[in-house]
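Q: Please see the structure below; I have some questions.
In this note's numbering, the protein residues as written are 17 to 275.
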């Protein structure tokens, strides 16, 4: 099989398992920037796969392992990796947080807390933001676990939010402090175009709540300015930085926050 064919195929569960065994997965960090101060306030941990010489984003394989044992294995590996790469850095920068995507099927089963304690990341509990997608809001056991984590200082984020009635219903079920606006909505913000219908609703939501908002996929100054005027506090996207290695994240923080 040619390298081109390998790169374009659809991986199997065994492919992902083998990639984990061979150490082909790695973590990059997408900086999150304050729209108020322009300083880096955190980063989202993102899984990458170096497959046949090409870097694959998690969207190409994570759905495949949902509701399988590999889902938990990958999450615990991400926690271990963050602890290994950023432990001392997080200690030195107590105002910076790391956002971790968590599949709902592992919540409430004890493994997440065990992994955090074993890796040492539990010591940075106030610097952890757990991201849960709306479609992945867990069962009652998992939801109870999330709310208990919130009581112990872990911050919760609802990811891929489209500002629909369903989003608001989900927010009412958990102790979410943060919502992440989906990049598809952000792409609707364009110069010389009318404001999208969701923007006034977001402005009203922020006026009447204490929610923190992170906008994903921000690629232009126009988008950043429009979001800031609406009261959105944070953003991530190519306007600020692509995803970085741990060392690259450290350099980004030094450069950005020294201004």
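Cβ coordinates follow ideal geometry from the N, Cα and C atoms, glycine included.
Mind checking if residue 163 is an interface residue toward chain B, Cβ cutoff 7 Å exclusive?
A: Checking the listed chains, one finds no chain B in this structure; it contains a single protein chain.
Q: On the DSSP bridge assignment, give the partners of residue 171 in chain order.
A: Translated into positions along the chain shown, residue 171 becomes position 155. Partner(s): 145.
Q: What are the boundary residues of the beta strand (DSSP E) that includes residue 228?
A: Reading the chain shown from its first residue, position 212 is the one you call residue 228. Here the beta strand (DSSP E) through residue 228 covers 228-231.
Q: From the DSSP output, which residues share a beta bridge with residue 276?
A: Because the chain spans 17 through 275 in this model, residue 276 falls outside it and cannot be assessed.
Q: What is the residue span of the alpha helix (DSSP H) that residue 116 lies within?
A: For the purposes of this step, residue 116 is taken as residue 100 along the chain shown, with counting starting at 1. No alpha helix (DSSP H) holds residue 116; the beta strand (DSSP E) holding it covers 113-117.
Q: Are the CB atoms of residue 199 and residue 232 nearer to each other than 7 Å?
A: On the chain shown, position 183 is the one that residue 199 refers to. On the chain shown, position 216 is the one that residue 232 refers to. Going by C-beta atoms, residue 199 is nearer than 7 Å to residue 232.
Q: Sort out for me which residues DSSP pairs residue 50 with in a bridge.
A: The residue labelled residue 50 in the question sits at position 34 within the chain shown. Partner(s): 250.
Q: With a threshold of 8 Å, are at least 3 pairs of Cβ atoms found where one atom belongs to the stretch 65-81 and the other to the stretch 103-114?
A: As far as the Cβ criterion goes, the stretch 65-81 does not touch the stretch 103-114, which means the pair count is below three.
Q: Look up residue 197 in the DSSP assignment and give the residues it is bridged to.
A: As a first step, residue 197 must be located in the chain shown, where it is residue number 181. Answer is 177, 231, bridged to residue 197.
Q: Beta-carbon separation of residue 51 and residue 251 under 7 Å?
A: Taking the chain shown and counting its residues from 1, one reaches residue 51 at position 35. Taking the chain shown and counting its residues from 1, one reaches residue 251 at position 235. In contact: residue 51 and residue 251 (Cβ atoms closer than 7 Å).
Q: Starting from residue 223, follow the beta strand (DSSP E) in both directions and report where the run begins and ends.
A: Here residue 223 refers to the residue found at position 207 of the chain shown. Premise fails: residue 223 lies in the alpha helix (DSSP H), 214-223, not in any beta strand (DSSP E).
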